[in-house]
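Peer 1: Residue numbers (the numbering used here), protein chains in the order written: chain H, 3 to 231; chain P, 99 to 608. Below are the structure tokens for one structure; questions will follow.
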Ligand code: B12
């Protein structure tokens, strides 16, 4: 029972189906349970969150990653799979502690003050969730104070800042300064991105890393590892 | 299953119905007054015996008659000319059905250029930084040869959008003579493409050799009637309004054999036709109607295609300017006239004034290719690879052209808007709007895989540099490596046995 459910989860991740209403890549999936329904069923059947993550979600994402590398899958496929995994992770979160599994980490995402561009930030959020991170998205046009407050309250391991305007990217530096001043800077890794942002700019404002796209963002977070707290 | 071509849903019109009528009436008047000078005795006799007013013009260097064609004769010809013309092919899946009532466009190569443009990719070191090398395409014009014609047929066989093959390059090898040119031209082409083959005839005495070759390929006379794998282009009227002797004779003979032929005229606005649109239109239309009338008097019901190659004169050289917007205007007008007569139309686009592939060439050919295609001619001589007016053929350019016809064909796909899908799409919009990220990206997937999305430009470079020419060059090399279906050994042997004059180097089995 558990195994066949895990198989179905793998298949549905590769099909990019978060719920039963979603269409898959191939015909004939609509109406059948998607990843979120299957995860709930698995939990009900007593499968551990650890197994669901490792043998279901992650196993599915590994296949998706391979298909993407071999050019069989495109970015939309990757994104749909990540969305499905992200939705499943939300269900699994309360069960992680129970199963004694350590969560991968929490990322706080925001587009900075004065900037309404959020497509890139949303893609980064979806892919991070798909990689198993808990993402709290503060939205766009978020002022420095709100970001710092959220860091204090949420205690995330990572803060991801996005800016698409040369006039708003300076806000990222302000956020970092404010974190420093409030003594929160060392508790968190700050990563930045957006079209006008560069590696050099990231360094100049004292960020921990820069990612050119969503995949780079995931790699970056993985390489920075769990922050020391 | 014949080829699909591309159906233009609502063809672009330049002339109002009223203006089409006006041109038609003007052409009918021209056919009576001044009528045509006819340098071909048989044509004069045919017109005369069918009741046209024909008088001998003397004194004249060569025999010449003055032919005035009455309106009734024209309208009868327009009635007997078939509204649908079938162009067969060695591979029956490459058959074309040209229906005068249906704006379904087929894309075709051509014409017969003297120059073949070779492309070499040279490597240069940067002067300011000799360690940096750059690749530069270099173009070398030379006289076209028989083997070039084989190569071009070979590549055209593999160009997806190309529906039929009109010979591209004039074969000028030392051992090609007026007496063996046609058989070599036809054999080289037919042996390297399974698509329909169309060409002009150089020497009338070669007509039967060429027709017999086609019969050997398809298996007999009736088979060739059913599947006319070859057809002809006859430009029997020289502008303004003169039936030339030799091509008129050729047209008569082709019509007697019932093989399809384009009856075309190529006046140049400014020199051999008035520069004004009404003038060149009235004249070219009269010229084509005169040819079609003759064809139907010779053999009522013989398949003909309304052929138009109108062009504007350049003012600096008085050469043809195919790149000029007027040339496209004239072509679109002709498409409308042919549609008015419900005859399949051969129109021209894509010829450019530029001498090499590049920026000017792309601008000029895309401009006319898009506009003339949108008017919906059945048989578009869109001149894959043609440069410098009609003077140069470049195989690499033909490969580049295939890519833009792909885009054009995609653009002409019918809109996908219907009630059942709208419901589904509204559901999608409502769903996405309710999510925090508000992105539709996942919904791309079914479209992506069902071929509903256009492919990226195939010759896009991955760096900062434009790599179109380099990439098309590689593609051309690839296509030349790809095998083509030659005629089988037995047929080849019979052709070499029975048809005189084909050069031994064309025998792939020797
Ligand atoms: C879409 C768009 C908009 C949309 C935004 C819709 C939305 N929901 O986001 C709208 C129409 C609202 C908009 C408005 C404006 N825009 Co605008 N916009 C763009 C555009 C065309 C694309 C941006 C985009 O979404 N790209 C696609 C995503 C996937 O890419 P991305 O954002 O770069 O994100 C990727 C990476 O950068 C990275 N990344 C992004 N964030 C992060 C974060 C982290 C932590 C990491 C690691 C990585 C990462 O990963 C992402 C995924 O791969 C850009 C042009 C461009 N070349 O970027 C202009 C552009 C950014 N806009 C511009 C301008 C000027 C404006 C306006 C001021 C126009 C106006 N006069 O009103 C307003 C500004 C509004 C405001 N206050 O913010 C300019 C900015 C110039 C400048 N000075 O910097 C640009 C560059 C266009 C231009 N050349 O003029 N815009």
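The C-beta atom is built at its ideal place from N, Cα and C for all residues, glycine as well.
1. Which ranges does the alpha helix (DSSP H) cover as unbroken runs of at least 4 residues, wholly within the stretch 167 to 198 of chain H, from first to last along the chain?
2. Closer than 9 Å by beta-carbon distance: list the chain H residues that pair up with residue 638/P, in chain order.
3. I want to see whether chain H comes within less than 9 Å of residue 546/P, judged by CB atoms only; does it?
4. What is the DSSP secondary structure of residue 139/H, reduced to helix, strand or coil?
5. From residue 433/P to residue 423/P, what distance separates their C-alpha atoms?
6. When the cut-off is 9 Å and only beta carbons count, does residue 542/P lie next to chain H?
7. DSSP three-state call for residue 491/P: helix, strand or coil?
8. Let me make sure I understand the geometry here. Which of 460/P, 474/P, 409/P and 392/P has the alpha-carbon closest to that of residue 106/P?
9. Within 8 Å: the Cβ of residue 110/H and any heavy atom of ligand 1?
10. Could you give the C-beta distance for residue 482/P and residue 257/P, rounded to a whole number, given that I count them as a contact under 8 Å?
11. Which runs of the alpha helix (DSSP H) fall wholly inside the stretch 88 to 169 of chain H and span at least 4 residues, in chain order?
12. Where does residue 257/P sit, in a helix, a strand or coil, going by DSSP?
13. Quick one: residues in its chain with C-beta nearer than 6 Å to the C-beta of residue 552/P, no 5 flanking neighbours on either side, listed in chain order?
14. Which residues, taken in chain order from the stretch 61 to 78 of chain H, show a beta carbon closer than 9 Å to some beta carbon of chain P?
15. For the candidate residues 118/P, 103/P and 113/P, whose alpha-carbon lies nearest to that of residue 439/P?
16. Within 9 Å (strictly less), CB to CB, does residue 524/P reach chain H?
17. Tell me where the beta strand (DSSP E) around residue 566/P begins and ends.
18. Excluding the 5 residues flanking residue 220/P on each side, which residues of the same chain have their C-beta closer than 6 Å to its C-beta?
19. Excluding five sequence neighbours on each side, which residues of the same chain lie with their C-beta closer than 8 Å to the C-beta of residue 229/H?
20. Could you tell me the alpha carbon to alpha carbon distance between residue 36/H and residue 27/H, rounded to whole angstroms?
21. Please classify residue 231/H as buried or exposed, where buried requires at least 16 other C-beta atoms within 10 Å of its C-beta.
22. Verify the CB distance criterion: does residue 156/H have a CB-CB separation below 9 Å to chain P?
23. Might you give, ordered along the chain, the residues of its own chain that have their beta carbon closer than 7 Å to the beta carbon of residue 455/P, omitting 5 neighbours on each side?
24. Could you please tell me which residues of the stretch 78 to 101 of chain H, in chain order, have their CB closer than 7 Å to any CB of chain P?
25. In terms of DSSP beta bridges, what is residue 443/P paired with?
26. Does the beta-carbon distance from residue 472/P to residue 132/P come in below 9 Å?
27. Tell me the rounded alpha-carbon separation between residue 100/H and residue 219/H.
28. Which residues in chain P sit within 7 Å of residue 27/H, going by Cβ to Cβ distance?
29. If you measure from the beta carbon of residue 18/H to each beta carbon in chain P, is any gap under 9 Å?
30. Considering only C-alpha positions, which residue in the set 65/H, 85/H, 176/H and 68/H is nearest to residue 116/H?
31. Taking the Cβ atom as the reference point for each residue, do residue 405/P and residue 450/P lie within a distance shorter than 9 Å?
32. May I have a chain-ordered list of the alpha helix (DSSP H) segments no shorter than 4 residues that lie completely inside the stretch 338 to 395 of chain P?
33. Of all the alpha helix (DSSP H) runs that stay within the bounds of the stretch 209 to 248 of chain P, which reach a length of 4 or more residues?
34. I want to check one thing, is the minimum distance from the CB of residue 48/H to the heavy atoms of ligand 1 below 8 Å?
35. Please name the residue, chosen from 174/H, 155/H, 15/H and 94/H, that lies closest to residue 204/H on a Cα-to-Cα basis.
36. Check whether the stretch 110 to 125 of chain H and the stretch 165 to 172 of chain H touch, using three or more Cβ-Cβ pairs below 8 Å as the test.
Peer 2: Working from what's here:
1. If one requires a minimum length of 4 residues, the alpha helix (DSSP H) runs lying completely within the stretch 167 to 198 of chain H are 172 to 183, in chain order.
2. A query on residue 638/P cannot be resolved here, the shown segment of chain P reaching from 99 to 608 and no further.
3. If you number the second chain from 1, residue 546/P lands on position 448. Chain H contact via Cβ: present.
4. By 1-based counting over the first chain, the position of residue 139/H is 137. DSSP places residue 139/H in strand when its eight states are reduced to three.
5. Looking up residue 433/P in the second chain gives position 335. Looking up residue 423/P in the second chain gives position 325. When rounded, the distance between both Cα atoms is 16 Å.
6. Start at 1 with the first residue of the second chain, and residue 542/P comes out as number 444. Closer than 9 Å to some Cβ of chain H, the Cβ of residue 542/P qualifies, so yes.
7. Counting from one through the second chain, the residue named residue 491/P turns up at place 393. Of the three classes helix, strand and coil, the one that applies to residue 491/P here is strand, per DSSP.
8. Working through the second chain from its first residue, we reach residue 106/P at position 8. For the residues 460/P, 474/P, 409/P and 392/P, the minimum Cα distance to residue 106/P belongs to 474/P.
9. In the first chain, counting from the first residue as 1, residue 110/H sits at position 108. For ligand 1, not one heavy atom lies less than 8 Å from the Cβ of residue 110/H.
10. Numbered from 1 along the second chain, position 384 holds the residue referred to as residue 482/P. Numbered from 1 along the second chain, position 159 holds the residue referred to as residue 257/P. Indeed they touch by this definition, with Cβ atoms about 7 Å apart.
11. Counting whole runs of 4 or more residues, the stretch 88 to 169 of chain H contains the alpha helix (DSSP H) stretches 121 to 132 and 146 to 156.
12. What you label residue 257/P is simply residue 159 of the second chain in a count that begins at 1. Residue state, collapsed to three classes: coil.
13. For the purposes of this step, residue 552/P is taken as residue 454 along the second chain, with counting starting at 1. Same-chain partners within the cutoff: 508.
14. With the criterion set as a beta carbon lying under 9 Å from some beta carbon of chain P, the members of the stretch 61 to 78 of chain H are 76, 77 and 78, in sequence order.
15. Taking the first residue of the second chain as position 1, residue 439/P is located at position 341. Ranked by Cα distance from residue 439/P, the options 118/P, 103/P and 113/P are led by 118/P.
16. Against the second chain, residue 524/P aligns to sequence position 426. Chain H contact via Cβ: absent.
17. What you label residue 566/P is simply residue 468 of the second chain in a count that begins at 1. Per DSSP, residue 566/P belongs to no beta strand (DSSP E); it is in the alpha helix (DSSP H), 566 to 579.
18. For the purposes of this step, residue 220/P is taken as the residue at position 122 of the second chain. Only 234 and 236 meet the Cβ criterion.
19. Locating residue 229/H in the first chain gives position 227, counting from the first residue. Only weak support is given to the placement of residue 229/H: the predicted model assigns it a pLDDT of 44, under 50, and the question is left unresolved by the model.
20. In the first chain, residue 36/H corresponds to position 34, counting from 1. In the first chain, residue 27/H corresponds to position 25, counting from 1. Spanning the alpha carbons of residue 36/H and residue 27/H requires a straight line of approximately 13 Å.
21. In the first chain, counting from the first residue as 1, residue 231/H sits at position 229. Caution applies to residue 231/H, whose pLDDT of 36 falls short of 50 and renders its modelled position unreliable; the model cannot decide the point.
22. On the first chain, residue 156/H is found 154 positions in, with the first residue counted as 1. No, residue 156/H lies away from the interface with chain P (no Cβ there is under 9 Å from its Cβ).
23. Reading the second chain from its first residue, position 357 is the one you call residue 455/P. Correct list, in chain order: 492, 494, 495, 498 and 567.
24. Of all residues in the stretch 78 to 101 of chain H, 78, 79, 81, 82 and 85 have a Cβ within less than 7 Å of some Cβ in chain P.
25. Locating residue 443/P in the second chain gives position 345, counting from the first residue. The partner list for residue 443/P (beta bridge, DSSP) reads 404/P.
26. By one-based count along the second chain, residue 472/P stands at place 374. By one-based count along the second chain, residue 132/P stands at place 34. Their beta carbons are not under 9 Å apart, which means residue 472/P does not touch residue 132/P by this criterion.
27. Locating residue 100/H in the first chain gives position 98, where the first residue counts as 1. Locating residue 219/H in the first chain gives position 217, where the first residue counts as 1. Looking at the two C-alpha atoms, the distance is approximately 29 Å.
28. Along the first chain, one-based indexing puts residue 27/H at 25. Within 7 Å of the CB of residue 27/H, the CB atoms of chain P belong to 543 and 547, in sequence order along the chain.
29. Stepping through the first chain from its first residue, residue 18/H is reached at position 16. For residue 18/H, the answer is yes, since a Cβ of chain P falls inside 9 Å of its Cβ.
30. As a position in the first chain, residue 116/H is number 114, starting the count at 1. Closest option to residue 116/H, Cα to Cα, is 176/H.
31. Counting from 1 along the second chain, the entry for residue 405/P is found at position 307. Counting from 1 along the second chain, the entry for residue 450/P is found at position 352. Taking 9 Å as the Cβ cut-off, residue 405/P and residue 450/P do not qualify as a contacting pair.
32. Within the stretch 338 to 395 of chain P, the complete alpha helix (DSSP H) runs of at least 4 residues are 343 to 354.
33. Taking 4 residues as the minimum length, the stretch 209 to 248 of chain P contains no alpha helix (DSSP H) run wholly inside it.
34. As a working note, residue 48/H is residue 46 in the first chain. Checking the Cβ of residue 48/H against ligand 1 gives no.
35. Numbered from 1 along the first chain, position 202 holds the residue referred to as residue 204/H. Ranked by Cα distance from residue 204/H, the options 174/H, 155/H, 15/H and 94/H are led by 174/H.
36. In short, these stretches touch, since the Cβ pair count reaches three.
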